[in-house]
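Numbering (my numbering), first residue to last: 10 to 381.
Backbone N, C-alpha and C fix where the C-beta goes; we use that ideal spot for every residue, glycine too.
This one's a predicted model, so the numbers in the text were calculated from it and none came from an experiment.
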């Protein structure tokens, strides 16, 4: 028990971020940024976007007036569903946080100077994470159980709606979008799964779009995504609010939980979209989160989900769901690391396939499943 607590502390401290002051009210619009600060890191405040503590927040952009291509990245940083997890999860996000992040960030997808970055000349949108709900919530007054904070604003899904509406207005005024890549890591990976439908609804279903889920593993194995854990997340974050009305009429397979149906639903409803799923087999971080579903969600867990069990869960997801969906492809690698997209080269290689090349192939619709 003590060793597990220390391990989870190390994991969640690693993925958490320090808190900072509230955002600066500057009122810049996307059009103004594109005109006056092209290709520069800029913060767009939106007073309707709320962080977990109720403060207003916003999102970051690099806008290139000469590009009609759009990359959107949902950031990660843990989750908030009990006292322990919330203590290591950011509850606010400011312009200063964003500018500090990009100044110190080595991830290739944010590096505007590297020719290896296939998005370097694109419009790039960075959606910060400070709602604790894996970008998927719509609960304006959440009371977190097991010693967690009360009256939390867990509205990550609603926040992203506001970002998408801003982008829709901007691109309608500037000539439209020719390609979209929508990606996220960790909490952002989960958020990509839950937000793809509204992205398509708001920005358009006919734009060539690639969706990349990095370390956002919604698993099928009932010993991992247990009923009590799925229920706890839905009750706290109000997952059900983003699920479409025709979900059950659309999917053909049988699932234990509604959130598991989204893989199949988006594949059917968005057949022209290309979906990529990235995971390490023994992801230490998300094994920690899934451990809170063990022993009927007893708090605090006494055991960590094993690497072997997590790998079985990933292989089960692939063989029982994703392999039957033509527009979903996986990139599975050995190891206990957590995310891929924060790498400064994207040169992780599986079976002689480089990840950066695989992403380009995914965009072109030619990627294959790659798994060690």
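Range of the contiguous alpha helix (DSSP H) that encloses residue i
i           : result
residue 131 : No alpha helix (DSSP H) holds residue 131; DSSP gives it neither H nor E.
residue 240 : 236 to 246
residue 325 : 316 to 329
residue 95  : 92 to 96
residue 357 : Counting along the chain, residue 357 falls outside any alpha helix (DSSP H), and DSSP gives it neither H nor E.
residue 365 : 364 to 373
residue 256 : 256 to 259
Beta-carbon separation (whole angstroms), residue i vs residue j, contact threshold 8 Å
i           : j           : result
residue 320 : residue 345 : At roughly 11 Å, the Cβ-Cβ gap does not stay under 8 Å, so residue 320 and residue 345 are not in contact.
residue 140 : residue 165 : 4 Å
residue 398 : residue 336 : No answer is possible for residue 398: the residues shown for the chain start at 10 and end at 381.
residue 144 : residue 196 : 6 Å
residue 111 : residue 119 : 6 Å
residue 302 : residue 235 : 4 Å
residue 356 : residue 365 : 6 Å
residue 101 : residue 58  : Contact flag wrong, Cβ pair sits at about 11 Å.
Cut-off 7 Å between Cβ atoms - residues of its own chain near residue i, not counting five sequence neighbours on either side
i           : result
residue 179 : 39, 40
residue 202 : 222, 225, 227, 271
residue 184 : 77
residue 123 : 117, 129
Enclosing beta strand (DSSP E) for residue i [first to last residue]
i           : result
residue 189 : 188 to 194
residue 67  : 65 to 71
residue 268 : Segment: none, residue 268 is in no beta strand (DSSP E) and carries neither H nor E.
Own chain residues within Cβ distance below 6 Å of residue i, not counting five before or after
i           : result
residue 2   : Because residue 2 is not part of the residues shown, which for the chain are 10 to 381, the question remains open.
residue 92  : 155, 156, 157
residue 277 : 259
residue 152 : 159
residue 33  : Bear in mind that the predicted position of residue 33 carries a pLDDT of just 35, short of 50, making it unreliable; the figure below should be weighed with that in mind. 104, listed in sequence order.
residue 239 : 266
Three-state class that DSSP yields for residue i in the structure shown
i           : result
residue 42  : helix
residue 307 : coil
residue 81  : strand
residue 109 : helix
residue 59  : strand
residue 262 : coil
residue 120 : coil
residue 29  : Summary for residue 29: the model assigns pLDDT 29, below 50, so the residue's position carries little reliability; its value from the coordinates is reported in the next sentence. Coil, per DSSP.
residue 299 : helix
residue 213 : coil
residue 180 : helix
residue 76  : coil
Per DSSP, the bridge partner or partners of residue i
i           : result
residue 5   : What is shown of the chain runs 10 to 381, which leaves residue 5 out entirely.
residue 223 : 194, 287
residue 161 : 151
residue 51  : 70
residue 379 : 340
residue 218 : 189
Cutoff 8 Å; reference residue i; Cβ partners in own chain excluding five residues on either side
i           : result
residue 229 : 264, 265, 269, 322, 325, 326, 329, 330
residue 51  : 37, 42, 69, 70, 71, 72
Test: residue i CB closer than 8 Å to a CB of chain D
i           : result
residue 305 : Looking for chain D here will not work: only one protein chain is present.
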